[in-house]
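Below: one structure, written as structure tokens.
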Amino acid sequence: MNDDQFEGKWDRMKGTVREHWGRLTDNDVEEVKGKRENMLGKIQEKYGDTKEAAEEKLVEFERRF
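Listed below in structure tokens is the structure:
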């Protein structure tokens, strides 16, 4: 999913994001604002992942969504 697609689907994805990434708070999810890079940063921050690991997790999530 590219950045534009991610942003376009963000409103529908927010609830699923909260369920899937339980360490992200409601404020974290709101701060993402549909920006894929922001989401990667939050995954890295909350889960202690490298950028590459966070990217892999996000790509897998996007495939399932």
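With our numbering applied, the sequence shown covers 11 to 75. Ideal placement from N, C-alpha and C gives every residue a C-beta, glycine not left out. Computed from a predicted structure; not experimentally measured.
Residue interval of the alpha helix (DSSP H) (run including residue i)
| i | result |
| --- | --- |
| GLY44 | Where GLY44 is concerned, there is no enclosing alpha helix (DSSP H), given that its DSSP letter is neither H nor E. |
| LEU34 | From DSSP, LEU34 is part of no alpha helix (DSSP H); its letter is neither H nor E. |
Candidates the options: closest to residue i by CA position
| i | options | result |
| --- | --- | --- |
| GLY32 | LYS52, GLY44, MET11 and GLU72 | LYS52 |
| TYR27 | LYS61, VAL42, GLU55 and GLU66 | Reading the sequence as shown, one finds Val at residue 27 and not Tyr. Comparing Cα positions, the closest option is VAL42. |
| LEU50 | VAL39, GLU65 and GLU72 | GLU65 |
| ASN37 | GLU47, LYS24 and ARG46 | LYS24 |
Inter-residue spacing [alpha-carbon to alpha-carbon] between residue i and residue j
| i | j | result |
| --- | --- | --- |
| HIS30 | ASP59 | 16 Å |
| LYS19 | ALA63 | 22 Å |
| LYS56 | ASN12 | 23 Å |
| LYS61 | GLN54 | 7 Å |
| LEU34 | ARG73 | 20 Å |
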